[in-house]
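Participant:
In this note's numbering, the protein residues as written are 117 to 270.
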């Protein structure tokens, strides 16, 4: 839930109209996000497994799994949001080495080996030690120069 919200904010900050749905959202908030996604005012919908079943959204072209489900059968429900009624679509899952067992379980459920892309692992930049989130500090610095010097008492 918190990860979905954090990811939604990052994608939104990158310039994509984004909404999220998860268990901490009210039903009204979820309905609004889904409606905006269907209408196209929101281009990216970040969701937890709360969206895995019972939601029909036509024309979904891509589903990205940022973590694999704990239950292999849930993968089918997650990716079922794309390529409905014969339409083309892609499901992409990010998988870390510690999720290899989950990947094998999913492959068993879908009855085929999923293609795995190789390459160098992605490395996130380390946050600036001066700020909590790695972004620029919000504190304004006083201009250096005359008038800002501390005078010692004599």
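For glycine and all other residues, C-beta sits at the position ideal for the given N, C-alpha and C.
#1: What number of angstroms, rounded off, separates the C-alpha of residue 253 from the C-alpha of residue 117?
#2: Compare the C-alpha of residue 133 against each of 149, 142 and 220 and name the closest.
#3: Classify residue 206 as helix, strand or coil using the three-state DSSP reduction.
#4: Taking DSSP as the reference, what is the three-state secondary structure of residue 226?
#5: What is the C-beta distance between residue 135 and residue 153, in whole angstroms, given that I count them as a contact (C-beta under 8 Å)?
#6: Select from 202, 177, 209 and 161 the residue whose C-alpha is nearest the C-alpha of residue 233.
#7: Please classify residue 188: does DSSP put it in a helix, a strand, or coil?
#8: Quick check on the burial criterion: 16 or more other C-beta atoms within 10 angstroms. Buried or exposed for residue 138?
#9: Taking residue 224 as the reference, give the member of 193, 189 and 171 with the closest Cα.
Facilitator: A quick look at the data gives this:
#1: Unreliable placement is indicated for residue 253, whose pLDDT of 42 sits below 50; the coordinate value is still reported in the next sentence. If you draw a straight line from the Cα of residue 253 to the Cα of residue 117, it is about 27 Å long.
#2: Comparing Cα positions, the closest option is 149.
#3: Three-state DSSP puts residue 206 in a strand.
#4: If DSSP states are grouped into helix, strand and coil, residue 226 belongs with the helices.
#5: The distance from the Cβ of residue 135 to that of residue 153 is about 6 Å, consistent with a contact at the 8 Å cut-off.
#6: Closest option to residue 233, Cα to Cα, is 209.
#7: Correct three-state label for residue 188: coil.
#8: It counts as buried.
#9: Nearest C-alpha to residue 224: 189.
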